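>
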Amino acid sequence: MNSINNERGCSVCQPGKENYTTYTTKLGRKRVRMYQYDYRTENGELFSCCAPTLEVCRERRDKWLTNLSQ
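Read in order, the letters of the sequence shown are residues 1 to 70 in the numbering used here.
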């Protein structure tokens with residue numbers, strides 16, 4: 001698994017790019033695969049979330065970008 005953070009825990013996401021990695025966690029008795037997702041805008045603002053699929057992460061990012069531009 002690749003780290004999307006540096007040794008101090010800060011995101012290494014470049015402006016205009018996305019980074020993501022997967023991890024597993026337990027919800028009740030079930031193990032679930034999750035995505036940790038970062039996106040940095042061209043002007044340096046960082047969006048970060050965790051979700052069960054990459055598609056959900058990108059949908060959340062798109063909503064955030066829409067709200068950011070209003």
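Glycine included, C-beta positions come from ideal geometry on N, C-alpha and C. Quick caveat: nothing in here was measured; it's all calculated off a predicted structure.
#1: Using only alpha-carbon positions, find the residue among 35, 12, 25 that is nearest to residue 56.
#2: So what does DSSP say about residue 18, is it helix, strand or coil?
#3: Would you mind sorting residue 31 into buried or exposed? The rule is 16 or more other CB atoms within 10 Å of its CB.
#4: Given this structure, state the Cα-to-Cα distance separating residue 18 from residue 28, to the nearest angstrom.
#5: Going by DSSP, which residues form a beta bridge with residue 75?
Reading it off the structure:
#1: Within the sequence shown, numbered from 1, the residue matching residue 56 stands at position 56. Nearest C-alpha to residue 56: 35.
#2: Mapped onto the sequence shown, residue 18 falls at position 18. In this structure, residue 18 counts as strand in the three-state DSSP scheme.
#3: Walking along the sequence shown from the start, residue 31 turns up at place 31. Exposed: under 16 other Cβ atoms inside 10 Å.
#4: As a position in the sequence shown, residue 18 is number 18, starting the count at 1. As a position in the sequence shown, residue 28 is number 28, starting the count at 1. A straight-line Cα-Cα distance of about 30 Å links residue 18 and residue 28.
#5: This structure cannot settle anything about residue 75, because the visible part of the chain is limited to 1 through 70.
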